[in-house]
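K.L.:
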Amino acid sequence: MSFFIGTRHTNFRPRLGTAIRRIVPGSLSNVRASVLALLYPQRCLGCKALIEPEESFCTVCRKFILPIESPLCVCCGIPFATATGPDHLCGRCQARPPGFRQARSWALYQSGDTPHPLSQAIQNFKYHRNLSVGKTLAGLGVVHFPLEDQAYDLIVPVPLHPDRLRWRGFNQSLILARAIGCARQLKVDPFLLERIRPTVPQTQLSASERRTNVRGAFAVVAPERLKEKRVLLVDDVYTSGATVEECAKVLYRAGAEVVDVFTLARAVTH
Ligand SMILES: [Zn+2]
Ligand SMILES: [Zn+2]
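In terms of our numbering, the sequence shown has 233 at position 228, counting the first letter as 1, and numbering is strictly consecutive.
1. Let me make sure I understand the geometry here. Which of Ala247, Pro195, Asp168 and Leu237 has the alpha-carbon closest to that of Thr217?
2. Would you mind working out which of Glu60, Ile180 and Leu170 sits nearest Ile127, comparing C-alpha positions?
3. Would you grab the beta carbon distance between Cys82 and Ala112 for me? Rounded to a whole angstrom, and I think it's under 8 Å.
4. Which one or two residues does DSSP pair with Thr268 in a beta bridge?
5. For Ala224, which residues does DSSP report across the bridge?
6. Between the Cα of Thr244 and the Cα atoms of Val219, Ala270, Gly221 and Arg235, which residue gives the shortest distance?
7. Is the beta carbon of Leu191 sitting closer than 8 Å to the one on Val161?
8. May I ask which residues mark the beginning and end of the alpha helix (DSSP H) holding Pro122?
9. Closest to Gly260 by C-alpha separation, out of Thr268, Val242, Arg235 and Ala272, would be which residue?
10. With distances taken from CA atoms, which of Cys49, Arg97 and Ala156 is nearest Val263?
11. One question on the structure: do Val266 and Val242 come within less than 8 Å of each other, judged by their Cβ atoms?
12. Indicate the three-state DSSP secondary structure (helix, strand or coil) for Val193 in the structure shown.
13. Would you mind stating whether Lys50 and Phe62 have Cβ atoms separated by less than 8 Å?
14. By the three-class DSSP mapping on this structure, what secondary structure does Val161 have?
15. Please determine whether the Cβ atom of Cys80 lies at a distance below 7 Å from any heavy atom of ligand 3.
16. Considering just the uninterrupted stretch of the alpha helix (DSSP H) at Ala143, what are its terminal residues?
17. Where do the ends of the alpha helix (DSSP H) carrying Lys53 lie?
18. Do you know how far the Cα of Asn35 is from the Cα of Thr89?
19. If Asp168 and Pro206 are in contact, beta carbons under 8 Å, what's the gap, nearest whole angstrom?
20. Beta carbon of Leu191: closer than 7 Å to some heavy atom of ligand 2?
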């Protein structure tokens, strides 16, 4: 923080900072953090209650955020209702194998009449265009990343159509992809896959309508950048899986060796 304005104290300012830092290490950054906390108090991403600066959700909302744990489907990652037993292939993946190798998410996402903290936060990020919420969510995606033991060459975010990108101003999947790429030192390629036609919002559609809606909506721009690459496809929410399945299909067709999927949240409808 700068205590002086103007050129008169230009030479003095660094010396003062150095002197204070020598006396009380970290004191200036502590002061800065305290002032920022007073000016911009941290609020729960779900209910907006005041919380400690290092937290993301309040204690009440945290109880409703359910991280996905075993037993789950080895392919699509849907958790099973039983609390014990080994991971195995779910009925849906047995009947109709998805286009990707495996999909994993951090936590369950519940849409509906009762506001769920994680869905509140994601909607605030996407539809109210709250980037700071998005960055916090991306940080949670990094901390709770469930595919730690897998090796990837490339991260590809699910692209938005240019019209939607213009309206929102950012691609929420790219923000999440960049956070994971930065933490794992992996290249993120936001221009490899593109949405070549607009699609209607999936929220009101059935699973089969969603598949029809996204069919032929994606294309790989530069297949040579994808050849024999192990790809992590990133999106914000996995609902029916129609979008990521279509993307994975296109990526495989263009030469990818492996396509796995990570989404921050997983809708409970399946
Ligand atoms: Zn809360
Ligand atoms: Zn499955």
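Don't be surprised by glycine CBs; every beta carbon is placed ideally from N, CA and C.
P.N.:
By the coordinates alone:
1. Ala247
2. Ile180
3. Residue 82 is actually Gly in this sequence, not Cys. About 12 Å separates the two Cβ atoms, so there is no contact after all.
4. Ser110 and Asp240
5. Glu199
6. Ala270
7. no
8. Its alpha helix (DSSP H) spans residues Pro122 to Lys131.
9. Looking at the Cα atoms, Arg235 is the closest of the given residues.
10. Considering only Cys49, Arg97 and Ala156, the residue with the shortest C-alpha distance to Val263 is Ala156.
11. no
12. Strand.
13. For clarity, residue 50 is Leu in the given sequence; the question names Lys instead. Their beta carbons are under 8 Å apart, which means Leu50 touches Phe62 by this criterion.
14. strand
15. Judged by which ligands are present, ligand 3 is missing from the structure shown, whose ligands are ligand 1 and ligand 2.
16. Leu136 to Val148
17. That residue, Lys53, is in no alpha helix (DSSP H); it is neither H nor E in DSSP.
18. 46 Å
19. Not quite, the Cβ-Cβ distance comes to about 12 Å (not below 8 Å), so this is no contact.
20. no
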